[in-house]
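First to last, the protein sequences are chains G and W. The first sequence runs 12 to 120 under the numbering used here. The second sequence runs 2 to 114 under the numbering used here. Glycine is no exception: its CB is placed at the ideal position from the N, C-alpha and C atoms. Step one of this worksheet: look at the structure below.
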Amino acid sequence: GIQVEQSPPDLILQEGANSTLRCNFSDSVNNLQWFHQNPWGQLINLFYIPSGTKQNGRLSATTVATERYSLLYISSSQTTDSGVYFCAVERNQGGKLIFGQGTELSVKP
Amino acid sequence: AAGVIQSPRHLIKEKRETATLKCYPIPRHDTVYWYQQGPGQDPQFLISFYEKMQSDKGSIPDRFSAQQFSDYHSELNMSSLELGDSALYFCASSNGQGVYGYTFGSGTRLTVV
């Protein structure tokens, strides 16, 4: 099946710093989403981004489908950005999402 | 906007007991997915339903069963619970075409003691 790899696995930032999280996938996909899992366990949808670039406030994401990777940019990080960031892909339309192992981000004040 | 509603939020059960988790998808979403997330793990797909029929099956134990009802809500039934079943259980819904992605509920945290 399709493999989803995220890097780095862990990241510690000082408040105000910028970061880039990467997601590589092994085959073509119909859908790609980025999620933030907060310390309470909630999975918050950040971006639905099968291709192209999107921005939402301090967050932006880019997916280059032909090269099978996606990047999540966090600028001016805040302590509330802490948590685990998951990339998930859908191989076939309407099919299940396959998650990467996640990047655990810790933002220090 | 309406979200995916899961109940209960927390559940504590003893070994060998039975648990039922409920999921109410976003209105007009016709596909429901169940995921299990163990401690420190990524969510793992269990099972999905499209228009009340099972559409895909993942690593779901035989002790678990699920269904989608006529009002599109879904229930995950778990029997003969084991300690290893302790996890976060998420439900997600989509419009079947996945055009706008999947929306996840807040999850049910099941603890088996």
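Proximity to residue 108 of chain W across W/57, W/95, W/44, W/82 peaks at W/44, based on C-alpha coordinates. If you look at residue 65 of chain W, you'll find it in the beta strand (DSSP E) that goes 65 to 69. Straight-line measurement puts the Cα of residue 46 of chain W at about 12 angstroms from the Cα of residue 62 of chain W. Relative to residue 117 of chain G, the option among G/46, G/21, G/15, G/17 whose CA is nearest is G/21. Nearest neighbour of residue 12 of chain G by Cα position, chosen from G/120, G/110, G/119, turns out to be G/110. Under the DSSP definition of a beta bridge, residue 113 of chain W partners with W/14. Straight-line spacing of the CA atoms in residue 23 of chain W and residue 88 of chain W works out to 15 angstroms.
Residues of the stretch 48 to 70 of chain G that bring their beta carbon within less than 7 angstroms of a beta carbon in chain W comprise 52, 53, 54, 56, 59, in sequence order.
Contact check for residue 54 of chain G against residue 70 of chain W fails: the beta carbons are separated by 8 angstroms or more. Taking a contact to require three or more Cβ pairs closer than 8 angstroms, the stretch 92 to 106 of chain G and the stretch 8 to 24 of chain W do not qualify as touching. Here residue 101 of chain G carries a strand assignment [DSSP, helix/strand/coil]. Counting the other CB atoms within 10 Å of its CB gives residue 93 of chain W a total of 16 or more, which places it among the buried residues. Under the Cβ distance rule, residue 97 of chain G counts among the residues neighbouring chain W, one pair being separated by less than 8 angstroms. For residue 107 of chain G, the neighbours in chain W by C-beta distance under 7 angstroms run, in chain order, 34, 46, 49, 57, 59. With its beta carbon less than 8 angstroms from one in chain W, residue 42 of chain G belongs to the interface. Here the alpha carbon of residue 37 of chain G sits roughly 5 angstroms from the alpha carbon of residue 14 of chain G.
Remark: C-beta atoms of residue 60 of chain G and residue 81 of chain G approach each other more closely than 8 angstroms.
DSSP, reduced to helix, strand and coil, places residue 19 of chain W outside both helices and strands of the structure shown, so it counts as coil.
Residue 69 of chain G is a Cβ neighbour of residue 86 of chain G, given a cutoff of 8 angstroms. Residue-level contact by beta carbon fails for residue 29 of chain W and chain G, as no gap is shorter than 8 angstroms. In this structure, DSSP gives residue 57 of chain W an extended state, which the three-state scheme calls strand.
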